[in-house]
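**Student:**
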Amino acid sequence: MPPDHEPAPAPVAVPAVPYAFEMDPATTALVIIDMQRDFLLPGGFGALLGNDVSMLTRIIEPLGELLAAARAAGLTVIHTREGHRPDMTDCPPSKLARGRLDTPIGSPGPNGRILIRGEFGHDIVEELAPAGDEVVLDKPGKGAFYATDLELMLRNAGVRSLIVTGVTTEVCVHTTVREANDRGFECFVPSDCVASYFAEFHEVGLKMIAAQGGIFGWVGSSPDLLAALGAERPVLTTIQGA
Ligand code: TIU
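Residues in the sequence shown are numbered from 306 upward in steps of one, following this note's numbering.
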C-alpha cells in the first residue's frame with residue numbers, strides 16, 4: 306500500500322434479521338432485479354400470466370430513494386433485465402412452452418414483443434432508469450448469475466456484498482440471492498424494495514433468506530439502509546403555481 310492511500314471507509318452496520326448486516330460501501334453493490342415494464346405494467350409478461358401488477362409497482366418509490374442514496378454513497382449499481390434475443394435462440398424451449406400461454410414469450414403485446422430485448426416492455430421503468438455508467442445486465446434466466454458475466458464484473462470491482470432488490474421476491478430475487486450466496490457474496494434484502502405478485506410468497510420468501518442464522522443472507526428495510534448510508538429520506542415538496 307502506498308503511504309498516501311485513501312483509508313478504507315468504515316464498515317456500516319444495518320439493522321437486520323437475523324442480526325446486523327455489516328457492509329463496506331466501497332465493496333457493496335446495489336443490484337436491481339428486473340424492474341421492467343413487462344413485469345410492472347399492464348399488458349406485460351406478468352400481467353398476461355394473470356397477475357396483479359400493482360403488487361409490484363408499490364416498490365418503485367422506495368427503490369428510487371435507495372438508488373439515489375446508493376449513487377450518492379458511491380456504491381456499484383447493477384440493473385438486470387430478464388429477456389431474450391429477438392430470434393429467441395437463448396430461450397429454452399421449456400421456458401417458452403411453460404404455462405401453455407396464449408401469449409408466450411416473443412408474442413406481440415401492447416408494449417412490444419414480450420420479454421424480447423429492445424422492445425419497450427423489456428426495458429426498465431422510467432423512475433429507475435439506469436445512469437450512464439451503471440451496468441445493465443441482460444439475463445436469459447431467473448438468476449442474474451446464470452449465463453451472464455455478473456460474477457466476473459463483481460469480482461473485478463472488488464464487490465463482496467450485495468443489496469438485492471427488485472422483482473419478484475420468490476422468483477428472480479430469490480434465485481439471484483441463492484446464486485450469490487453459493488459464490489461467497491453477502492446478500493442483504495430490503496423487504497420494502499422487493500415485491501411479489503403473491504403476498505404469501507413474498508413473506509415466506511423473505512423468511513427463507515434469513516432463517517437458520519441467515520442461511521442465504523439478511524433481511525432488513527430501506528429506511529435503515531438509508532440511515533446507514535448517511536442519507537435522509539428526501540422531503541417531497543410540491544411547487545404550486547409559476
Ligand atoms: N413470474 C415471476 O414471478 N417472475 C418472473 O417471471 N421473473 C422475475 O421474477 N423477474
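All C-beta atoms in this analysis are idealised placements derived from N, C-alpha and C, irrespective of residue type, glycine included.
Thinking C-beta only, is G349 closer than 8 Å to N416?
**Tutor:** A contact, by the Cβ cut-off of 8 Å.
**Student:** Buried or exposed, going by whether 16 or more other CB atoms sit within 10 Å of the CB of T333?
**Tutor:** Under this definition T333 is a buried residue.
**Student:** Tell me whether G351 counts as near the ligand TIU, meaning its Cβ is closer than 7 Å to at least one heavy atom of that ligand.
**Tutor:** Correct: G351 has its Cβ closer than 7 Å to the ligand TIU.
**Student:** Enumerate in chain order the residues of its own chain whose CB-to-CB distance from G546 is below 7 Å, with the five nearest sequence positions on each side excluded.
**Tutor:** Since pLDDT at G546 reaches only 37, below the 50 mark, its modelled position is unreliable, and the value read off the structure follows with that caveat. Once the five neighbours on either side are set aside, G546 has no close Cβ partner at all.
**Student:** Checking the sheet assignment: what are the DSSP bridge partners for S557?
**Tutor:** The chain is shown from 306 up to 547; residue 557 falls before or after that span and cannot be answered.
**Student:** Name the one or two DSSP bridge partners that A500 has.
**Tutor:** Note: A500 sits in a beta bridge opposite V472.
**Student:** Starting from G525, trace the alpha helix (DSSP H) both ways and give me its first and last residue.
**Tutor:** G525 -> not in any alpha helix (DSSP H); beta strand (DSSP E) instead, spanning W523 to G525.
**Student:** Cβ atoms of S466 and E439: under 8 Å apart, would you say?
**Tutor:** No, Cβ-Cβ distance for E439 and S466 is not below 8 Å.
**Student:** If the criterion is Cβ atoms closer than 8 Å, does the pair V494 and G535 meet it?
**Tutor:** No; because the gap between Cβ atoms is not below 8 Å, this pair is not in contact.
**Student:** Look at L459 and L442 and say whether their C-beta atoms are less than 8 Å apart.
**Tutor:** Not a contact, by the Cβ cut-off of 8 Å.
**Student:** In terms of DSSP beta bridges, what is E327 paired with?
**Tutor:** Note: E327 sits in a beta bridge opposite A318.
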